[in-house]
Structures are given as structure tokens and as C-alpha cells.
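*Asks:* Anchor point for the first sequence: position 104 equals 105 in our numbering, and the numbering is continuous, going up by one each time.
C-beta: ideal position from N, C-alpha, C; glycine also.
Pasting in a structure now, in C-alpha cells, and then I'll have a few things to ask.
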Amino acid sequence: MALRIYNTLTRQTEEFAPIEPGKVSMYVCGPTVYADAHIGHAMAAIIFDTVRRYLTYQGYRVRFVTNFTDVDDKIIRRANEQKRDPIELANHYADEYLRHLRDLNVLEADVYPRVSEEMGWITQMIGGLEEEGYAYRLDGDVYFRVKRDADYGRLSGRRLEEAMSGTRVEEDARKEHPGDFALWKSAKPGEPSWESPFGPGRPGWHIECSAMCLHHLGEVVDIHGGGNDLIFPHHENEIAQSESYTGKEFARYWMHNGMLQLAGEKMSKSLGNLITIDQFLKEHSADALRLLIFTGHYRKPVVYSAETVESAERSLARLRSGLRPAQGNASTGEAADKLRVATEEARAGYIAAMDDDFNTAGALATLFELVRAINTARTAGVTGPFYDAAQQTLRELAGILGITLEEPAAAAASDVAARPFIDLLVAVRGDLRTARQWALADKVRDGLKGLGVTLEDSPDGTNWRFESE
RNA sequence: GGCGACGUAGCCAAGUGGUAAGGCAGGGGUCUGCAAAACCCCGAUCGCCGGUUCAAAUCCGGCCGUCGCCUCCA
């Protein structure tokens, strides 16, 4: 079985084969940095992080590039409102975003290009397009001439004529065609601008990604990704520019993730119905968010609600239960053998699911089955290499999804200080139990429970942990 | 109006021709002094109607509903 990926361009699931065997180049459109990132952004980052991790697991050397849009109308407006420098404002939110990515256990990209640092490449590309007749100047602006691009619209499935009828696009009478889009915008007072062969100004929205792709990954990339809200016009226009410029196919596989839905609506800045990454991480772990996302399919919308988050948290606790230490001494025998088989089946099932266009829900199902096998084996007293291998496999396969399975670090400094006291109470309760003083023993347990400490009695003694809530 | 996606048990969700994975919640049980955890058992004919087929959740047509894009958007 080989990896198959759904390609938005062909609307089909295709077998994945990179241009250069063993190597994969990936470009993912990053955020426009002008406000706090929300968990919809996190979802996109997490999904492509997992695509990357799985490709790496499959032995590919992945070069991963994701950008920051730091020159943009919204940034400028926001900066003016706050009387700040636009680039400084953008840098602030870009730094925040990088911090979020670390908190979310997203692997670092090879490069994080920013528009403001790629002007040379951008203007060079615009110049090239103009020379070949793909672009024209208009009062200091430069526009892309969609009519020159014979197959414009093939990613989003729109024809030029159709695309324009019934839209709310404000027609700019100066443009040759209403679908023409800006490559370069002339400088205006109060806006940052850069010198260029077309006069001072700044780039349009779409050209940046084309230029950065070209600069950092070459003329053709294997995988180009982003949210499905970018298909039109952003990615459509990227294709138009890039392919007109290089004369080559721009990206082999176009991958688009579905949107996170809050109360049945897409979570977005403009709708204002968002939960920021910081807000989420204050209450929940990154593992929980990943589990929530991977319960569904990356191309479909994900339902975010108090209930689905709670469900993800509990599912996570269940996955963690598979990592509890062995408690017997049967390193061989029927039970150990069963576990060995279950471990092999889990890995095979996991790979089959992930190979099928990253069917993470199916992959997770195999993980839950492995957990049950481990827990059953533990109860049967299994220990030793097979037990260790099963847990190691669980860690490894969860790791491809970026799920750490670490106990939540709810234990703040004060909690750490409380540990010896809790240990003492648990020990005293143990004595009470030995003395069959059930009422007092239960009083201790209930009291601790009320303080967020859960006790579990087992044949080997009493374990306790802080409630992850 | 145009383009596209989706509708599977209380909730989330996989499955795209051979009588439905997994998780959460719920019920019953084993274990336990009790509890918790773990483990075992229990639940859906797949929005509606019609068609193709020996056989459809899975293909085709119609209808209803939800969502996304067409304007900045992960």
C-alpha cells in the first residue's frame, strides 16, 4: 500500500509520488498576522504538521515552508488605529504565533518567510509577468491579466464569465477584466511602501506566496496546502501567476483542510465567533485539540463544542491508560503473545488508515484497540519486552499525530509543594484501611477528591493523581 | 444566482457495491470493604423518495436540510 492523497486540483485521490524520490517539498499558507490566532488557525497548522510527520515517518526528507503575511490592508489599518508601526505590529503577532506553534507541539518549519523580507523576489516576478504580457500597469498599480491565462479557474472549478456574475465584487472600471487582481499596489500616504521598477508601493495579496514558494522551494512544489477558504481566489491566483511565470506546473498536490465550526458556523475573525489558542490552552491540552481534530477527517468541517472538547479530553485519558506500568511478571505465554499480535495489527491498521488520505479517525481507532489490548494484558500480568514494545508502539503512533500522551502539567508549583502532604494522607488512609476504619478512610479519599486529587486503590497499593480538569 | 461539500446510534465519527470501525455519554456485569480505574456484555439498516444491481450507507435521479467559497479569512 502506498500513500494516497486527495488532490483538490483533480478532485481525485491520487497515489503520492514526489518529483524527486525520497524528498518532499511542502508549502503551507500561513496566517496574516494582525490579531491573536484562534484555534481554526491551530487546526490548519496541526493538520499539515501531521502530514509532514507522517511523510517523515514514511522515510521522506521533507522540506517544509510556511509563511507569514506581514504586509496587508488589515495589518495597516490595525496599526494605524493603534498608532503603531505596521511591521512592528506584524512582528509581534508573528512571534506570538511561533509561540503558539511550540505550545501546540507543531514541528518547526525549515523556513518562515515574510513578505517584508522577500520584496526582491516579488518585484522580480511581477516584472517577469509584465514582460511576458501577463500583467499591465494602471496608475501605479500592476494587475494580473486573467484573460491571458487560458486555464484560469481550474482549481476552484469556476469559469471566468460565471465567476463574475452575481458576485459582490466591486467592479473597478479601470481594469481590463473584473477578475484581474493586483500584483502591486501603489504607495499611499500612511502606508508602508517599497521601491520597485513600477514605482513605490507594496505587493498584492497573492503574489507573495508564489514568490516565496519559488524562492525557497523552486519552481515546482510537491504539496501546497492551506484552508479550503483559500481555494478561491488565493490559490487560484497563485497558480495563475506562478505557472504564467515559470511555464511549469506550480504544485503537484493541492491539499485543503476543512473549517472548524463553532455553533454551526465557521470560526473566523470576521464573524467574531472565535476562541483564541491561548484561551483554549488555558483550559485544555494541545493533545486534546489534536484528538478533537483527528476524530474527524481533515477535509471535513470539525464540530467544536463543549461536548466534543469534553469527549476529546476523556478519550485522551483513555489513550493514556495504555501507558500505565506493568503489574505482573508474565513476560511470555499466551497473554503476552496476544499482545504481540495486537501490536503488529495496530501498526498495520494505523498505516493503512493514514495511507488512505490521512484517515486519522481510522488511525485513532487502531490506537484505541491497542490500548485495550495493553490494558487487558496488564490485567493478565504481562510484562517484559512485548509489553514494552506495545507501549512504545502506542507512543510512536500517537507521536505521528503529534499527541504526546503526557499527563497534563496541571501540577503547578503549589501542587508540587503539596505532594509530600498528599503522600502522607494517603499513607495514613492506608493504615486506616488496614484497620478497617472505612468511614475515616473514605473521608480522606472524598476530602482529597474535593481538592482535585483522585485516589485509586489497587492490589499493589494506592495511586493518586491530580485531576487533569 | 454560480461553484463545491456534507446529512451514519443521545453526541462526535470511520466506512464509497456484499447485511455498519472507534471514541464520549448511558445501562448491566467482573473486580473492590465501598469507590475509582481497567476489563466483559448491551444500542443504529445509514435524511426522504424513486431507480440500477443477485446485492447499496456505498452508484444514478429527484426532494428536504446543513455548511463552505464566490469579499479579508486556516
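The beta strand (DSSP E) with Phe519 in it runs from where to where?
*Replies:* The structure shown does not extend to residue 519, since the chain is modelled only from 2 to 470, so the question has no answer here.
*Asks:* To the nearest whole angstrom, what separates the beta carbons of Ile232 and Leu156, a pair I think is in contact under 8 Å?
*Replies:* Contact holds; Cβ gap of about 6 Å.
*Asks:* Which one of Ala327, Val72, Ile375, Thr57 has the shortest CA to CA distance from His207?
*Replies:* With distances taken between Cα atoms, His207 lies closest to Val72.
*Asks:* Looking at His225 and Trp255, is the spacing between their C-beta atoms short of 7 Å?
*Replies:* In this structure, His225 lies closer than 7 Å to Trp255 by Cβ.
*Asks:* State the start and end residues of the unbroken alpha helix (DSSP H) segment that holds Val52.
*Replies:* Counting along the chain, the alpha helix (DSSP H) containing Val52 begins and ends at 40 to 58.
*Asks:* Mapping the DSSP letters down to three states, classify Thr296 as helix, strand or coil.
*Replies:* Residue state, collapsed to three classes: coil.
*Asks:* Use the C-beta contact count for Glu237: other C-beta atoms within 10 angstroms, 16 or more gives buried, fewer gives exposed.
*Replies:* Buried.
*Asks:* How long is the line joining the alpha carbons of Ala378 and Val342, rounded to whole angstroms?
*Replies:* If I take the Cα positions, the gap works out to 12 Å.
*Asks:* Would you mind reading off the limits of the beta strand (DSSP E) that contains Asn81?
*Replies:* Taken as a continuous stretch (DSSP letters only), Asn81 belongs to no beta strand (DSSP E), being part of the alpha helix (DSSP H) at 74 to 82.
*Asks:* Give me whichever residues DSSP pairs with Arg62 in a beta bridge.
*Replies:* Bridge partners of Arg62: Lys24.
*Asks:* Whose CA, out of Val63, Leu320, Glu346, Ile123, lies closest to the CA of Pro22?
*Replies:* Minimum Cα distance to Pro22 is reached at Val63.
*Asks:* Who are the Cβ neighbours of Pro198 in its own chain at under 7 Å, not counting the five residues just before and after it?
*Replies:* Same-chain partners within the cutoff: Thr124, Gly128.
*Asks:* Could you give the residue range of the alpha helix (DSSP H) that holds Leu99?
*Replies:* Unbroken alpha helix (DSSP H) run through Leu99: 87 to 104.
*Asks:* What separation, rounded to the nearest whole angstrom, lies between the Cα atoms of Gly334 and Glu457?
*Replies:* One C-alpha to the other measures close to 29 Å.
*Asks:* Going straight from the alpha carbon of Lys148 to that of Ser194, what length do you get?
*Replies:* Their backbone Cα atoms lie some 29 Å apart in a straight line.
*Asks:* So, with DSSP's three-state summary, where would you put Trp122?
*Replies:* Correct three-state label for Trp122: helix.
*Asks:* Pull up the distance between the alpha-carbon of Ala110 and that of Glu118, whole angstroms please.
*Replies:* Rounded to the nearest angstrom, the two C-alpha atoms are 17 Å apart.
*Asks:* Could you check which residue in Gly31, Val29, Arg53 has the C-alpha nearest to that of Asp358?
*Replies:* Ranking Gly31, Val29, Arg53 by Cα distance to Asp358 puts Arg53 first.
*Asks:* Please classify His39 as buried or exposed, where buried requires at least 16 other C-beta atoms within 10 Å of its C-beta.
*Replies:* It counts as buried.
*Asks:* Quick one: residues in its chain with C-beta nearer than 6 Å to the C-beta of Lys267, no 5 flanking neighbours on either side, listed in chain order?
*Replies:* If we look at Lys267 and ignore the five residues flanking it on each side, its Cβ neighbours are Met260.
*Asks:* Rounded to whole angstroms, how far is the Cβ of Gln262 from the Cβ of Tyr305, which I believe are closer than 8 Å?
*Replies:* Rounded, the Cβ-Cβ distance is 6 Å, consistent with contact.
*Asks:* Go through its chain and collect everything with a Cβ distance to Gly167's Cβ below 7 Å, but skip five positions before and after it.
*Replies:* Here the model assigns Gly167 a pLDDT of 48, short of 50, so the residue's position is not dependable, and the following value carries that caveat. Nothing meets the Cβ criterion.
*Asks:* Quick check on the burial criterion: 16 or more other C-beta atoms within 10 angstroms. Buried or exposed for Thr435?
*Replies:* Exposed.
*Asks:* Which whole-angstrom value describes the C-beta separation of Val112 and His217, a residue pair presumed to lie in contact below a C-beta threshold of 8 Å?
*Replies:* Indeed, because the Cβ distance is near 5 Å, the residues count as touching under 8 Å.
*Asks:* Quick one: measure Cβ to Cβ for Gly323 and Val372, integer angstroms, because I've assumed they're closer than 8 Å.
*Replies:* Contact flag correct, Cβ pair sits at about 4 Å.
*Asks:* Using 7 Å as the threshold, is the C-beta distance between Ala362 and Thr296 below it?
*Replies:* Yes. Within cutoff.
*Asks:* Measure the C-alpha to C-alpha separation of Leu215 and Ala327 and round it to an integer number of angstroms.
*Replies:* Leu215 and Ala327: Cα-Cα distance of roughly 52 Å.
*Asks:* Cα separation between Leu130 and Gln242?
*Replies:* Distance between the alpha carbons of Leu130 and Gln242 is about 8 Å.
*Asks:* Just to check my reading of the structure: Phe49 and Val29 have Cβ atoms closer than 8 Å, yes? What is that Cβ distance to the nearest angstrom?
*Replies:* 5 Å between Cβ atoms; contact.
*Asks:* Put Leu441 into one of helix, strand or coil per three-state DSSP.
*Replies:* Leu441 falls in the helix class under three-state DSSP.
*Asks:* Flag this pair as yes or no: are the beta carbons of Ala80 and Val34 separated by less than 7 Å?
*Replies:* Contact flag unset, no.
*Asks:* Provide the residue span of the alpha helix (DSSP H) that contains Phe369, from first to last.
*Replies:* Element bounds for Phe369: 361 to 380.
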